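Trainee: Here it is: the structure, laid out below.
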Amino acid sequence: MLAQHLSHSCPAASHSVSTMNAKTSSAGEEETSGMSNETLGESGCWGEAKRRQVIRVAYVIAALDLTFLFMQIGVMPYLAKSLGLDSVGFGYLQTIFGVLQLVGSYIFGRFADQFGARAALILSCASGSIFFLLMSLSTNIPLLFLSRLPGVFMHGMPGAQKVITDMTTPSQRAGALGKLGFCFGVGIVAGSVVGGVLSTKFGVYVPTYVGLVGSLINTFIAMAWIPSQTKPKSDHHVTEHSTSQSGSLFSIREILHLMKFPGVMEVFIVKVFAGLPIGLFMIMFSIISMDFFGLEAVESGYLMSYFGVLQMVVQGLLVEKLASHCSEMTLLRLSVFIFAGVGLGMALMRTVWHYCIIVVPMVFAFNMLATITDSMLTKAVPSSSTGAMLGICASVQPLTRTVGPTIGGVLYKQFGVSSFGYLQLMVNLSLFVYLLKSKIPLKR
Numbered sequence: 001m002l003a004q005h006l007s008h009s010c011p012a013a014s015h016s017v018s019t020m021n022a023k024t025s026s027a028g029e030e031e032t033s034g035m036s037n038e039t040l041g042e043s044g045c046w047g048e049a050k051r052r053q054v055i056r057v058a059y060v061i062a063a064l065d066l067t068f069l070f071m072q073i074g075v076m077p078y079l080a081k082s083l084g085l086d087s088v089g090f091g092y093l094q095t096i097f098g099v100l101q102l103v104g105s106y107i108f109g110r111f112a113d114q115f116g117a118r119a120a121l122i123l124s125c126a127s128g129s130i131f132f133l134l135m136s137l138s139t140n141i142p143l144l145f146l147s148r149l150p151g152v153f154m155h156g157m158p159g160a161q162k163v164i165t166d167m168t169t170p171s172q173r174a175g176a177l178g179k180l181g182f183c184f185g186v187g188i189v190a191g192s193v194v195g196g197v198l199s200t201k202f203g204v205y206v207p208t209y210v211g212l213v214g215s216l217i218n219t220f221i222a223m224a225w226i227p228s229q230t231k232p233k234s235d236h237h238v239t240e241h242s243t244s245q246s247g248s249l250f251s252i253r254e255i256l257h258l259m260k261f262p263g264v265m266e267v268f269i270v271k272v273f274a275g276l277p278i279g280l281f282m283i284m285f286s287i288i289s290m291d292f293f294g295l296e297a298v299e300s301g302y303l304m305s306y307f308g309v310l311q312m313v314v315q316g317l318l319v320e321k322l323a324s325h326c327s328e329m330t331l332l333r334l335s336v337f338i339f340a341g342v343g344l345g346m347a348l349m350r351t352v353w354h355y356c357i358i359v360v361p362m363v364f365a366f367n368m369l370a371t372i373t374d375s376m377l378t379k380a381v382p383s384s385s386t387g388a389m390l391g392i393c394a395s396v397q398p399l400t401r402t403v404g405p406t407i408g409g410v411l412y413k414q415f416g417v418s419s420f421g422y423l424q425l426m427v428n429l430s431l432f433v434y435l436l437k438s439k440i441p442l443k444r
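Quick note, in UniProt numbering, the sequence shown goes up one by one and the last residue is 444.
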């Protein structure tokens with residue numbers, strides 16, 4: 001995803017069309033995020049240059065946050081081992097972090113809706129600072145487990161998504177959200193390399209010190225460069241009215257209410273299940289890379305860097321261009337179909353070189369699916385609930401990390417690596433047929 005969608009100004013003609021469409025739609029539709037197309041253009045509060053600047057800052061915060069996250073992911077097994085934690089205990093440690101992220105993702109989204117994207121980003125970065133502080137002080141196993149607790153509010157990516165969703169029109173949203181995939185690739189490469197070098201040359205605790213200082217810097221960046229109100233004024237009034245009615249940060253009723261909007265449940269089901277088998281495979285990848293591929297730790301690091309570079313290339317060259325030329329439903333079907341082909345390739349995979357080939361379409365489908373579904377779902381709900389919807393979307397990966405070790409372990413032990421591929425193939429072929437036959441009634 002390149003900056004093409006940000007370079008376009010908002011022509012008056014397009015806003016007139018958007019306004020006419022809003023007038024002819026029902027009152028319920030006027031509350032949806034399609035309303036942002038009109039209000040962003042007519043509000044004099046944000047100039048186009050100001051919006052571009054704030055969105056770029058959100059990308060920087062996301063890239064730094066992900067870099068620190070992947071630093072600690074690479075260091076954590078060695079830190080846990082140095083403290084005497086065995087593989088079972090390490091699994092519990094990872095599961096606890098996944099559960100905390102799962103619980104916190106929706107609460108974080110609701111917090112962003114009620115208090116603004118700036119407050120949410122500050123909360124995430126400050127939580128990251130406490131996380132790395134506790135991790136740097138973890139000289140025993142109980143402290144190491146305690147260091148996981150701030151993870152409940154560490155949601156830098158959804159925070160950046162909230163900023164971008166508030167400050168882009170629906171037509172710009174898919175491209176702008178897709179650029180975060182580029183930040184993800186930067187985080188994988190930089191975090192893996194920096195974390196590995198620092199821990200090898202200076203000790204296993206040094207990356208935690210860097211993460212602490214970096215998270216504090218990220219907090220100050222959010223305080224200084226993200227405005228307190230990222231929504232247009234008219235959307236802000238809608239948000240205040242909605243949050244005054246809903247009140248609580250965690251509401252099952254609100255989740256069910258969002259899922260009842262036309263097309264939301266259908267798209268969310270596709271989002272969850274299309275990438276689930278791949279997610280299970282990636283959770284087991286550290287074991288698979290040793291047992292099945294026979295890789296050393298250094299070679300696994302190179303493979304992760306290759307994955308990160310692919311992520312940046314795909315996001316930089318393909319996703320935005322396709323998003324600007326094809327409908328979102330077409331791209332959703334394309335990503336699911338490619339995922340099915342990836343499943344077939346994984347079922348036949350025998351060497352690490354096969355995997356290096358398969359991972360190219362896998363990265364494309366994964367990024368396209370994530371970008372398009374996030375864009376479709378935030379457009380389908382009221383602008384006052386985009387944070388909650390992004391929080392629900394962000395819960396998919398923690399959910400996979402929570403149940404993944406158990407399900408993935410059974411699949412790998414009982415049926416081998418090919419079972420992930422066959423499961424991926426069957427699930428995505430079924431979803432592709434469903435998408436071809438159904439007409440998902442998304443509001444805009």
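Ideal Cβ placement from N, Cα and C applies to all residues, glycine included.
Nothing here was measured: the structure is a model prediction, and the numbers come from that model.
Can you tell me the Cα-Cα spacing of I338 and V427, whole angstroms?
Mentor: As a first step, residue 338 is located in the sequence shown; it is residue number 338 there, counting from the start. As a first step, residue 427 is located in the sequence shown; it is residue number 427 there, counting from the start. Their Cα atoms are separated by approximately 12 Å.
Trainee: Are the beta-carbon atoms of I141 and L79 separated by less than 8 Å?
Mentor: Taking the sequence shown and counting its residues from 1, one reaches residue 141 at position 141. Taking the sequence shown and counting its residues from 1, one reaches residue 79 at position 79. No, the pair does not count as a contact, with Cβ atoms beyond the cut-off.
Trainee: Which of the three DSSP states, helix, strand or coil, is assigned to P227?
Mentor: Position 227 of the sequence shown, counting from 1, holds the residue named residue 227. Of the three classes helix, strand and coil, the one that applies to P227 here is coil, per DSSP.
Trainee: Measure the alpha-carbon distance for V213 versus G104 and round it to whole angstroms.
Mentor: As a first step, residue 213 is located in the sequence shown; it is residue number 213 there, counting from the start. As a first step, residue 104 is located in the sequence shown; it is residue number 104 there, counting from the start. Looking at the two C-alpha atoms, the distance is approximately 24 Å.
Trainee: What is the residue span of the alpha helix (DSSP H) that Y355 lies within?
Mentor: Against the sequence shown, residue 355 aligns to sequence position 355. Y355 -> alpha helix (DSSP H) spans V352 to A380.
Trainee: When the Cα of V57 is compared with those of H325, L144, F132 and A176, which residue comes out closest?
Mentor: For the purposes of this step, residue 57 is taken as the residue at position 57 of the sequence shown. Among H325, L144, F132 and A176, the Cα nearest to that of V57 belongs to A176.
Trainee: For I255, which of helix, strand or coil comes out of DSSP?
Mentor: Position 255 of the sequence shown, counted from the first residue, corresponds to residue 255. The answer is helix: DSSP assigns I255 an H, G or I state.
Trainee: What does the Cβ neighbour count give for T239, buried or exposed, with the cut at 16 atoms within 10 Å?
Mentor: Residue numbering aside, residue 239 sits at position 239 when the sequence shown is read from its first letter. Legend: pLDDT at T239 = 47, less than 50; position of this residue unreliable, value from coordinates given subsequently. Buried.
Trainee: What are the complete alpha helix (DSSP H) segments, minimum 4 residues, inside the region 179 to 213?
Mentor: Note on the region 179 to 213: there is no whole alpha helix (DSSP H) run with a minimum of 4 residues.
Trainee: By Cβ distance below 8 Å, which residues in the same chain neighbour R173 in space, the five residues on each side in sequence not counted?
Mentor: Sequence index remark: in the sequence shown, residue 173 carries index 173 (1-based). In its chain, beyond the 5 residues on either side, I164, T165, S375, T378 and K379 have a beta carbon closer than 8 Å to the beta carbon of R173.
Trainee: Rounding to the nearest angstrom, what Cα-Cα distance links G203 and G191 in this structure?
Mentor: Numbered from 1 along the sequence shown, position 203 holds the residue referred to as residue 203. Numbered from 1 along the sequence shown, position 191 holds the residue referred to as residue 191. Using only the alpha carbons, I get a separation of about 16 Å.
Trainee: With C-beta atoms as the reference, is G185 less than 8 Å away from Q311?
Mentor: Locating residue 185 in the sequence shown gives position 185, where the first residue counts as 1. Locating residue 311 in the sequence shown gives position 311, where the first residue counts as 1. Cβ atoms of G185 and Q311: closer than 8 Å.
Trainee: Determine the direct distance from the alpha carbon of G196 to that of H8, and round the result to whole angstroms.
Mentor: Numbered from 1 along the sequence shown, position 8 holds the residue referred to as residue 8. Numbered from 1 along the sequence shown, position 196 holds the residue referred to as residue 196. Because H8 sits at a pLDDT of 41, beneath the cut-off of 50, its placement in the model cannot be relied upon, and the following sentence gives the value as read from the coordinates. If you take the alpha carbons of H8 and G196, they lie about 40 Å apart.
Trainee: Buried or exposed: where does Y106 fall if 16 or more other Cβ atoms within 10 Å of its Cβ makes it buried?
Mentor: Here residue 106 refers to the residue found at position 106 of the sequence shown. So Y106 ends up on the buried side.
Trainee: Might you give, ordered along the chain, the residues of its own chain that have their beta carbon closer than 6 Å to the beta carbon of G109, omitting 5 neighbours on each side?
Mentor: Mapped onto the sequence shown, residue 109 falls at position 109. The answer, listed in chain order, is G387, A388, L390 and G391.
Trainee: Could you tell me which of V381, F268 and G343 sits nearest to A365, measuring between CA atoms?
Mentor: Residue 365 sits at position 365 when you count from the first residue of the sequence shown. A365 has its Cα closest to that of G343, out of V381, F268 and G343.
Trainee: I'd like to know whether the C-beta atoms of A160 and Y59 end up nearer to each other than 8 Å.
Mentor: The count along the sequence shown starts at 1 and reaches residue 160 at position 160. The count along the sequence shown starts at 1 and reaches residue 59 at position 59. In this structure, Y59 lies closer than 8 Å to A160 by Cβ.
Trainee: To the nearest angstrom, how far is it from the Cα of L435 to the Cα of F115?
Mentor: The residue labelled residue 435 in the question sits at position 435 within the sequence shown. The residue labelled residue 115 in the question sits at position 115 within the sequence shown. Their backbone Cα atoms lie some 37 Å apart in a straight line.
Trainee: Please state whether DSSP places E296 in a helix, a strand or coil.
Mentor: Taking the sequence shown and counting its residues from 1, one reaches residue 296 at position 296. Coil at E296, not helix or strand.
Trainee: Tell me whether the region 262 to 280 and the region 147 to 155 touch, counting them as touching only if at least three CB pairs, one residue from each stretch, are closer than 8 Å.
Mentor: no
Trainee: Could you tell me whether the Cβ atoms of P398 and L102 are closer together than 8 Å?
Mentor: Numbered from its first residue, the sequence shown carries residue 398 at position 398. Numbered from its first residue, the sequence shown carries residue 102 at position 102. Between P398 and L102, the C-beta spacing is below 8 Å.
Trainee: Three or more beta-carbon pairs under 8 Å between the region 327 to 338 and the region 210 to 226, yes or no?
Mentor: With the cut-off at 8 Å, the region 327 to 338 and the region 210 to 226 do not touch.
Trainee: Sorted by chain position, which residues of the same chain lie with C-beta nearer than 7 Å to F90's C-beta, five sequence neighbours on each side aside?
Mentor: In the sequence shown, counting from the first residue as 1, residue 90 sits at position 90. Around F90: P77 and A80.
Trainee: With distances taken Cα to Cα, identify the nearest neighbour of V272 among S286, T400 and P227.
Mentor: Taking the first residue of the sequence shown as 1, we reach residue 272 at position 272. Taking only the C-alpha atoms, the option nearest V272 is T400.
Trainee: For the region 312 to 349, list the alpha helix (DSSP H) runs that are entirely contained and at least 4 residues long, ordered along the chain.
Mentor: 320 to 325 and 328 to 348
Trainee: Does the beta-carbon distance from V309 to M368 come in below 8 Å?
Mentor: For the purposes of this step, residue 309 is taken as the residue at position 309 of the sequence shown. For the purposes of this step, residue 368 is taken as the residue at position 368 of the sequence shown. Cβ distance not < 8 Å, so V309 and M368 don't count as in contact.
Trainee: Does the beta-carbon of D291 have 16 or more other beta-carbons within 10 angstroms, so that it is buried, or is it exposed?
Mentor: Taking the first residue of the sequence shown as 1, we reach residue 291 at position 291. Exposed: under 16 other Cβ atoms inside 10 Å.
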